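Chains as they are written, first to last, in our numbering: chain X, 5 to 355; chain U, 12 to 354. Glycine included, every Cβ here is placed at the ideal spot set by N, Cα and C. Note that the structure is predicted; figures quoted are calculated from it, not measured. The next block holds one structure in the form of structure tokens; read it before the comments.
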Amino acid sequence: MDTKKFLKELCTNYSVSGHELSIKETITKSFEKYADEINTDRLGNIVIFKKGKNNDSNIKIMVAAHMDEVGLMVKSIEKNGYIKFTNIGGIDPKTILGQEVIVHGKKPLFGVVVSKPPHLQEASESNKALKLDDLYIDLGYDSEKLKNYISIGDIITINREFRELKNGKLTCKSLDNKAGIATMYEAIKELMKLDHKADLYFVCTVQEEVGLRGAHTSTYGINPDIGIAIDVGFGSTPELPKHKTIELGKGPGIAIGGTIHPKLREKMVKIAEKYNIPFQYDISPSSTGTDADAIQLTREGIPTLCLSIPLRYMHTSVEVVDIKDIENTAKLLAFFVASITEENLEGLLCY
Amino acid sequence: MLLKRLTEASGISGNEWEVRNLIINEIKDHVDDLKIDKLGNVIAFKKGKEIPKKLMITAHMDEVGLMIIDVDDKGYIKFTTVGGIDKRILVSKPVLVGDKKIPGVIGSKPIHLQMKEERDKAIEVDNLYIDIGVDSKEEALKYVKIGDYITFDSRYIEFGDNLIKAKALDNRVGCSLLIELIKEVEDISFYGVFTVMEEVGLKGAGPAAYSVDPDICIVLEGTLCYDVPEIDSHFIPTRLNDGPAISLIDKTTLFNKALREKIVEIAKLNDIPYQYRKSSMGGNDSGKIHTTKEGAITATISVPCRNIHSPTSVMSRKDYENTLKLLKAILCEYKKGEFTSGI
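So this is what it looks like as structure tokens:
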């Protein structure tokens, strides 16, 4: 499948943390052509295995991208068919008013997010950010009927079309981190053309947005020699200081900081330079805020890297990425893993 | 479907051409006279039985929206609002820019990077911008220009128990009702007027009323409807599914009591549910119409719409049907000549 089409399918389906199952089929069906084996672990992480060539010393590289997205959950059913809700993962309540949503109950129900009427708000209130507690979802049924369709605990997502903007930019909800899954997909296709020694484990992790949980268990299970997290990074926009962001269209951000193995990172940079792949540095002195943090601290410690796809308006429902960045991140990832051999690995890992 | 086409068309105040063309196409074969006046109002006349009092029925065509005021060096679009929009509704929404409807988004700073005070404050329109994906001002200006109008990117969707979600229900719902009346009601003389620029100060209605000079005018609207839990009933302007809302008072008109009572009487006689619009907030074209020339007697009949002036307005199809029924019953009485006696 075309990577953009795959990404669209991932984004317009839902996989709120802890409820990633509904995109499992899309993922396994797309990857199975390129994989030697696909397994799902106890937490729901999907592990896509691609065997290396003559891998006598059993080198293992794990590439992880989380497949969960932030979302909302039904908290109570009120009068007149309105419901109250809470968030799963980091959501800015300011981005929720006026949204179209789907409540994933016994059947998917369309609804809209409303607030207390403006004419009953104090003038000063209009300058305050709304809190989730100030908001309701209107599903258009009376409460009794509604109880046949939905229950407390049902998952809610924003109803958002996938759209192409100018210059290869794409917008939708949950590009964080469906863009990462699409990058792994693009990379595995690229790797069909390359020889690689290492056994590769592409892991679609669960529950990153609520505490990197899937990365902990999947890394433990695989126990790789190298772990690489693929996630999104803060894309530059007018209100953000330049030094805290990476730019869209300028290639993957290669993370630098305590989480990242310095020699492996240098190798990654050399690969980018060798193959003329644009890249930028993504500075994360302590933690990266991605699965890389969990991977690094698994078992006796795992040498870890992190590649960031620049993304604007993170955790809103109008996230923006550039398809070129996904392609270049995938290319860099593929050339990097193909460059790891038993001859160079030890040298790369020793301090 | 008519209401789908009307709500998905763009027609921000001062830029109503797309809606106007759609309306003219719908009604042109059903009217005896049709003109577009100097401001862009559509004035249609249906000839039928002569009645001593001249009746005009109006609906405004325009909707609230945004307008480009600047494009920055990186190609981000700065905008201002046209008509009353709660700034808090704008964040994290898709939009369509200009007549070519270029897709764009209004994003916001990631929650991860916001300071405490930023988290607690609504974002000012001045700090919002639209991203259409371009990388420079030059590139942006190939697709858009200063002064272009921007609409919400929101489709017509049917959901719940007979409900409709769309943008611009205020007041494409009124336009839809008036189009249906023009198409379906025969042998009654009345003016059907589709006005411009209601949302920016009732601007089109005055000149339209001046040229038609009606005795009686019925204004069709989509109006405030708030029935969320936890509010006292006297704060609720209208309720969904309770039928057409008949206005008592708003910021622009004290509605004529005799005409209002006549309408209620007709509703009762025909077993059509109705409710009063119980808020004094807001205003509509009636404000200009009833004070033009020597004045006119006006009434406003509205379909209740939740979340007006937002991309996700909601109305009930049942209310729409009942409003149409009431309007037809009124025209039927008007034809008999009874309607205007005592007013």
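Using a Cβ-Cβ cut-off of 9 Å, residue 82/X is close to 239, 240 and 241 of chain U, given in chain order. Check the Cα spacing between residue 56/X and each of 234/X, 350/X and 202/X: the tightest is with 202/X. Residue contact with chain X for residue 133/U: present (Cβ-Cβ distance below 9 Å to some residue of chain X). In this chain, the alpha helix (DSSP H) harbouring residue 218/X covers 217-226. For residue 76/X, no chain U residue has a C-beta closer than 7 Å to its own C-beta; the minimum C-beta separation is roughly 13 Å. The C-alpha of residue 132/X lies about 30 Å from the C-alpha of residue 144/U.
Residue 165/X and residue 332/X have their C-alpha atoms roughly 25 Å apart. Runs of the beta strand (DSSP E) lying entirely within the stretch 44-76 of chain U and spanning at least 3 residues, in chain order: 44-47, 53-57 and 66-71. Here DSSP, grouped into helix, strand and coil, assigns residue 125/U to coil.
Interface annotation, residue 261/X: not in contact with chain U, CB-CB separation never under 9 Å. In the three-state reduction of the DSSP assignment, residue 110/U falls in the coil class, being assigned neither a helical nor a strand state. Contacts with chain X at 9 Å (Cβ-Cβ) include residue 323/U. Neighbours of residue 86/X in chain U, taken as residues at a C-beta separation under 7 Å, are given in chain order as 239 and 240. Check the Cα spacing between residue 203/U and each of 211/U, 194/U, 210/U and 209/U: the tightest is with 194/U.
For residue 164/U, same chain residues with a beta-carbon under 8 Å away, outside a window of 5 residues either side, are 104, 105, 106, 107, 114 and 322 in chain order. When rounded, the separation of the alpha-carbon atoms in residue 90/U and residue 156/U is 11 Å. Proximity to residue 316/X across 241/X, 101/X, 92/X and 149/X peaks at 241/X, based on C-alpha coordinates. Relative to residue 175/X, the option among 337/X, 324/X, 106/X and 279/X whose CA is nearest is 324/X.
If you look at residue 188/U, you'll find it in the alpha helix (DSSP H) that goes 180-195.
Of the residues 220/X, 311/X, 20/X and 168/X, the one whose Cα lies closest to the Cα of residue 112/U is 168/X. Comparing alpha-carbon positions, the option among 74/U, 281/U and 261/U lying closest to residue 209/U turns out to be 74/U. Under DSSP, residue 324/U takes part in a beta bridge, and its partners are 177/U. Residue pairing of residue 180/X in beta bridges, as defined by DSSP: absent, with no partner found.
Restricting attention to 257/X, 127/X, 302/X and 105/X, the CA atom closest to the CA of residue 117/X is found in 105/X. Considering only beta carbons, no part of the stretch 286-297 of chain X lies closer than 7 Å to chain U. Taking a Cβ-Cβ cut-off of 7 Å, residue 245/U has no neighbours in chain X, whose nearest Cβ is about 11 Å from it.
The CB of residue 133/X comes closer than 9 Å to the CB of 99, 129, 130, 131, 132, 133 and 134 in chain U, given here in chain order. Between residue 17/X and residue 27/X, the C-beta gap is smaller than 9 Å, which places the two residues in contact.
When CB distances to chain U are screened at a threshold of 7 Å, the residues of the stretch 164-181 of chain X falling below it are 167, 169, 170, 171, 173 and 175, in chain order.
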